[in-house]
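Worksheet: the structure to be examined is printed underneath.
Numbering (the numbering used here), first residue to last: 62 to 497.
Okay, here's the thing in structure tokens:
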């Protein structure tokens, strides 16, 4: 590896780390701003973990950076109701801190005169929901802003209706070979006279201006079809007889389904790809697909564990859709800077990487499990439900829901999360996901 490649890799990692720290600070700012809005005392706002490398106190909050850039937290007074001994807890929004902080005693030590009216648990449930939701929501806002901005200004690699090359023969895609063999029939595109550089504008009388529509028309057609192309500034009509071929199956979104094959019409050409900016509407649709894929990925995490284990310890192949951690994402960031592509492509890829990271933070934190933000949201909603039901049935107010009672579950969840994180870390080091 050359010195320039090493320097570019380090630069890419540094850029990702800066983006990571900003995303964490942005997340915690959501918690901080809404907590202060509702009069909750916040003793600390920290980016990172471990030893403090810089801090400054302003008002009643200490702001600072810690040595390990792998997370962040704010501390709020009275995160949980007082226990039987009358102690009140200051609690962290960070899953890591929640593993090491005692559920009651730490907050009791930080309680100051006047804090009785500035406790988190004394706020109405809807205010607590807003405070806990504000952090993940900030990540969602950042992800959407980055995604839409890059999609509408830079765009996506998109297949067009222009011909990049013509296949010489018909080969079943399931055979996964490129060279023609004796006995292979001539491809319909070659027989019809289709040429590289032609732009297909109509298929059998139907005007087409995007690849998805053209691809669907081709796949549905077996037999004769007229193909109109732009060639040399003029429209030329070609007569083709589409063959029946075994091709990869597509899902409802038009995406290829790996390992699945179907019989479909076949013309035999490669479509040219280019980067095309999207309209606002198309960008929103793409963003929706990205969120949906993110949800599917979160649900599928348990099923990824065997593959991660094999990749980390048994030399197995690391799947392209394998989960990656901070180290893996940083390595990808470093790899982006070494790609032989224009600088604007590198910038766009780094921004998309950051958008994906922020979307993952949002989705993961919304899981209704302690010590995640979603767990505290679920606790506040349950309290609101209990109190409203008590009013309806004219029963005594049950009081605040003691989320601290769920801390044993939180420890289990945090333990599972730590084990999974360590597994991903090992896989990211010994068998990282790579981009092409």
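Just so you know, even glycine gets a beta-carbon here, dropped at the ideal spot from N, CA and C. Values in this document were obtained by computation on a predicted structure and should not be read as measured data.
Minimum length 3: unbroken beta strand (DSSP E) runs contained in the segment 264 to 307: With a minimum length of 3 residues, the unbroken runs of beta strand (DSSP E) contained wholly in the segment 264 to 307 fall at 284 to 292.
Spatial neighbours of residue 105 in its chain, beta-carbon cut-off 6 Å, leaving aside the 5 residues before and after: Excluding sequence neighbours, residue 105 sits near 123 and 136.
Enclosing beta strand (DSSP E) for residue 351 [first to last residue]: Element bounds for residue 351: not the beta strand (DSSP E) but the alpha helix (DSSP H), 341 to 360.
Reference residue 328, options 211, 116 and 282, closest by Cα: With distances taken between Cα atoms, residue 328 lies closest to 282.
heavy atom of the ligand COA below 7 Å from residue 108 C-beta: No copy of the ligand COA appears in this structure; indeed no ligand is present at all.
Residue 444 to residue 462 span [Cα, whole Å]: Each residue's alpha carbon lies about 5 Å from the other.
Proximity below 8 Å, CB of residue 307 to CB of residue 364: Going by C-beta atoms, residue 307 is not nearer than 8 Å to residue 364.
Residue burial classification, residue 79 (beta-carbon count within 10 angstroms, cutoff 16): Flag for residue 79 reads exposed.
Cβ separation of residue 70 and residue 399, assumed to be a contact under 8 Å, to the nearest whole Å: The pair is a contact, with the Cβ atoms about 6 Å apart (cut-off 8 Å).
Classification of residue 190 by the beta-carbon crowding that lies within 10 angstroms, buried from 16 upward: Residue 190 counts as buried, since at least 16 other C-beta atoms from the protein chains shown sit within 10 angstroms of its C-beta.
Residue 392 - DSSP class collapsed to helix/strand/coil: Helix at residue 392.
Pairwise C-alpha distance: residue 102 and residue 187: Straight across, the Cα-Cα distance linking residue 187 with residue 102 is about 18 Å.
Short Cβ contact (8 Å threshold) for residue 180 with residue 138: A contact, by the Cβ cut-off of 8 Å.
Backbone secondary structure at residue 185 - three-state DSSP: Here residue 185 sits in coil by DSSP.
Three-state secondary structure (DSSP) of residue 504: In this structure the chain extends from 62 to 497, so residue 504 is not present and cannot be described.
Cross-strand partners of residue 335 (DSSP beta bridge): Residue pairing by DSSP places residue 335 opposite 219 in a beta bridge.
Contact with chain D by residue 111, beta-carbon distance below 8 Å: In the structure shown, chain D does not exist; there is a single protein chain.
Delimiting residues of the alpha helix (DSSP H) encompassing residue 97: Counting along the chain, the unbroken alpha helix (DSSP H) around residue 97 starts and ends at 64 to 98.
Under the three-state DSSP convention, the category residue 225 falls into: In the structure shown, residue 225 adopts extended strand secondary structure according to DSSP, grouped into three states.
Alpha helix (DSSP H) segment containing residue 440, residue limits: Start and end: 434 to 453.
Environment of residue 89 [buried if 16+ CB atoms lie within 10 Å]: Counting the other CB atoms within 10 Å of its CB gives residue 89 a total of 16 or more, which places it among the buried residues.
Option in 447, 330 and 383 with minimal Cα separation from residue 239: It is 330 whose Cα lies nearest to the Cα of residue 239.
Cutoff 7 Å; reference residue 275; Cβ partners in own chain excluding five residues on either side: The beta carbon of residue 275 lies closer than 7 Å to those of 222, 261, 264 and 269 in the same chain, with the five residues before and after it left out.
Endpoints, the alpha helix (DSSP H) within which residue 410 is located: For residue 410, the uninterrupted alpha helix (DSSP H) run begins and ends at 404 to 426, by DSSP.
Spatial neighbours of residue 217 in its chain, beta-carbon cut-off 8 Å, leaving aside the 5 residues before and after: Correct list, in chain order: 336, 337, 339 and 347.
Where residue 160 falls: helix, strand or coil (DSSP): Caution applies to residue 160, whose pLDDT of 42 falls short of 50 and renders its modelled position unreliable; the value that the coordinates give is listed next. Of the three classes helix, strand and coil, the one that applies to residue 160 here is helix, per DSSP.
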